[in-house]
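Engineer: Counting from 701, one number per residue, gives the positions in the sequence shown under my numbering. C-beta atoms are modelled at their ideal positions from N, C-alpha and C, and glycine is treated no differently. Given the structure is predicted, the values throughout are model-derived calculations rather than measurements.
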Amino acid sequence: MFKRLVLATALFAASAAAFAAPVSYKMDPNHTDVTASWSHFGFSNPIAHFGQVDGTIVYDADNVGQSSVNVTIPMAGLNSHVGAFDEHLRSADFFDAAKYPAITFKSTKVEAAGDGKLRVFGDLTIKESTKPVVLDVTINKIGEQPMAKKLAAGFDATTTIKRTDFGVGLYAPNVSDAVTIRITTEALGPKVEAAAPAAKGKAKRK
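See the structure below:
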């Protein structure tokens with residue numbers, strides 16, 4: 701009985717350490733969506749989705765300042781649900797996707813911002829322009845993803861940028877310069893080690 705108690709305690713400690721230590725997570729493109737919304741002459745607020753996101757999140761719960769984010773958003777994943785509009789957005793009038801096939805974000809600083817909240821400072825690059833932005837982040841959940849049997853981290857984030865800062869300002873200000881960016885992501889880390897099976901039979905009392 702004593703040996704089983706020691707084993708259980710050791711497994712619990714190892715599991716806790718795995719969750720607390722710096723962990724590198726790979727963003728799951730199937731459970732990640734980046735959306736951009738804006739005002740169209742004040743009449744409507746269209747939304748465009750950016751999928752196929754590729755990125756790495758390093759999260760350190762004990763030392764948040766050591767965390768980091770590095771993301772690539774391919775223009776091939778752009779989807780407004782209107783094919784002709786997607787082609788216009790990819791054209792030289794806006795993103796010029798043939799010349800600049802991806803948007804990138806690389807963090808420069810991460811800091812705690814209250815219970816379950818973070819602020820992520822970083823450089824956003826669209827076309828030839830790189831500007832500092834700040835993401836307001838909510839930690840949705842960190843734990844074992846039961847289907848993948850891996851450590852997982854889920855985050856939502858928001859920020860607002862000016863599209864004229866990035867060379868995509870056609871029709872501003874009638875089509876709003878301010879664009880709201882919303883991100884939801886589930887990112888997967890290493891495999892979770894399975895606990896050792898319980899010993900068969902009754903333990904002898906000592």
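With a CB to CB cut of under 8 Å and the five nearest residues on each side skipped, what residues in its chain are close to Ala721?
Structural biologist: For this step, residue 721 is matched to residue 21 along the sequence shown. Closer than 8 Å at Cβ, skipping near neighbours: Asp760 and Asp762.
Engineer: Can you tell me whether DSSP reads Met701 as helix, strand or coil?
Structural biologist: In the sequence shown, residue 701 corresponds to position 1, counting from 1. Here the model assigns Met701 a pLDDT of 48, short of 50, so the residue's position is not dependable, and the following value carries that caveat. For Met701, the three-state secondary structure derived from DSSP is coil.
Engineer: Which partner residues of Asn770 appear in the DSSP bridge assignment?
Structural biologist: In the sequence shown, residue 770 corresponds to position 70, counting from 1. Residue pairing from DSSP places Asn770 in a beta bridge opposite Thr756 and Lys806.
Engineer: What residues in its chain sit with their C-beta under 7 Å from that of Val833, if we drop five residues either side in the sequence?
Structural biologist: Residue numbering aside, residue 833 sits at position 133 when the sequence shown is read from its first letter. Once the five neighbours on either side are set aside, the close Cβ partners of Val833 are Gly822, Leu824, Thr859 and Ile861.
Engineer: Along the beta strand (DSSP E) that carries Glu886, what are the first and last residues, could you check?
Structural biologist: Taking the sequence shown and counting its residues from 1, one reaches residue 886 at position 186. Per DSSP, the unbroken beta strand (DSSP E) holding Glu886 starts and ends at Ala878 to Lys891.
Engineer: In chain order, what residues of the same chain lie with their CB nearer than 7 Å to the CB of Ala713, ignoring the 5 residues before and after it?
Structural biologist: Within the sequence shown, numbered from 1, the residue matching residue 713 stands at position 13. Confidence in Ala713 is poor, its pLDDT being 40 and thus under 50, which makes the residue's placement unreliable; the coordinate value appears in the next sentence. Contacts found: none.
Engineer: Let me know if Glu972 comes out buried or exposed under the rule of 16 or more other beta-carbons within 10 Å of its beta-carbon.
Structural biologist: What is shown of the chain runs 701 to 906, which leaves residue 972 out entirely.
Engineer: Rounded to whole angstroms, what's the CA-CA distance from Phe741 to Ile803? Just pull it up for me.
Structural biologist: Position 41 of the sequence shown, counting from 1, holds the residue named residue 741. Position 103 of the sequence shown, counting from 1, holds the residue named residue 803. Across the structure, Phe741 and Ile803 are spaced so that their CA atoms are roughly 26 Å apart.
Engineer: Pull up the distance between the alpha-carbon of Val769 and that of Tyr725, whole angstroms please.
Structural biologist: Stepping through the sequence shown from its first residue, residue 769 is reached at position 69. Stepping through the sequence shown from its first residue, residue 725 is reached at position 25. The straight-line gap from Cα to Cα measures roughly 10 Å.
Engineer: Thinking just about the alpha-carbon of each residue, which of Ala798, Gly751 and Ser807 is nearest to the one in Ile757?
Structural biologist: Within the sequence shown, residue 757 is the residue found at index 57, counting from 1. Taking only the C-alpha atoms, the option nearest Ile757 is Ser807.
Engineer: What are the boundary residues of the beta strand (DSSP E) that includes Ser790?
Structural biologist: Mapped onto the sequence shown, residue 790 falls at position 90. It should be noted that the sequence gives Arg, not Ser, for residue 790. Where Arg790 is concerned, there is no enclosing beta strand (DSSP E), although the alpha helix (DSSP H) it sits in stretches over Gly783 to Arg790.
Engineer: Determine the burial state of Ser791: buried for a count of at least 16 other Cβ atoms within 10 Å of its Cβ, exposed for fewer.
Structural biologist: Taking the first residue of the sequence shown as position 1, residue 791 is located at position 91. Burial state of Ser791 is exposed, judged by a 10 Å Cβ sphere holding fewer than 16 other Cβ atoms.
Engineer: Whole angstroms are fine: how far does the CA of Pro873 sit from the CA of Trp738?
Structural biologist: Within the sequence shown, numbered from 1, the residue matching residue 738 stands at position 38. Within the sequence shown, numbered from 1, the residue matching residue 873 stands at position 173. Each residue's Cα considered, the two are about 11 Å apart.
Engineer: Hey, how far is the Cα of Pro774 from the Cα of Val734?
Structural biologist: The sequence position of residue 774 within the sequence shown is 74, counting from 1. The sequence position of residue 734 within the sequence shown is 34, counting from 1. Pro774 and Val734 have their C-alpha atoms spaced approximately 11 Å apart.
Engineer: Between the Cα of Ile881 and those of His781, Met727, Phe750 and His731, spot the shortest distance and give me the residue it belongs to.
Structural biologist: Start at 1 with the first residue of the sequence shown, and residue 881 comes out as number 181. For the residues His781, Met727, Phe750 and His731, the minimum Cα distance to Ile881 belongs to Phe750.
Engineer: Taking the alpha-carbon of Gly755 as reference, which of Glu811, Met847 and Val771 has the nearest alpha-carbon?
Structural biologist: Locating residue 755 in the sequence shown gives position 55, where the first residue counts as 1. Checked all of Glu811, Met847 and Val771; the closest Cα to Gly755 is Val771.
Engineer: Could you check if Ala852 is buried or exposed, using at least 16 other CB atoms within 10 Å of its CB as the buried criterion?
Structural biologist: The residue you call residue 852 lines up with position 152 of the sequence shown. Buried, since its Cβ has 16 or more Cβ neighbours within 10 Å.
Engineer: Can you list, in chain order, the residues of its chain with a C-beta nearer than 8 Å to that of Val868? Leave out the 5 residues immediately preceding and following it.
Structural biologist: Numbered from its first residue, the sequence shown carries residue 868 at position 168. Within the same chain, Val868 has close Cβ partners Phe794, Phe795, Ile826 and Lys827.
Engineer: What is the residue span of the beta strand (DSSP E) that Met727 lies within?
Structural biologist: One-based indexing of the sequence shown puts residue 727 at position 27. Val723 to Ser737 is the span of the beta strand (DSSP E), which, as asked, contains Met727.
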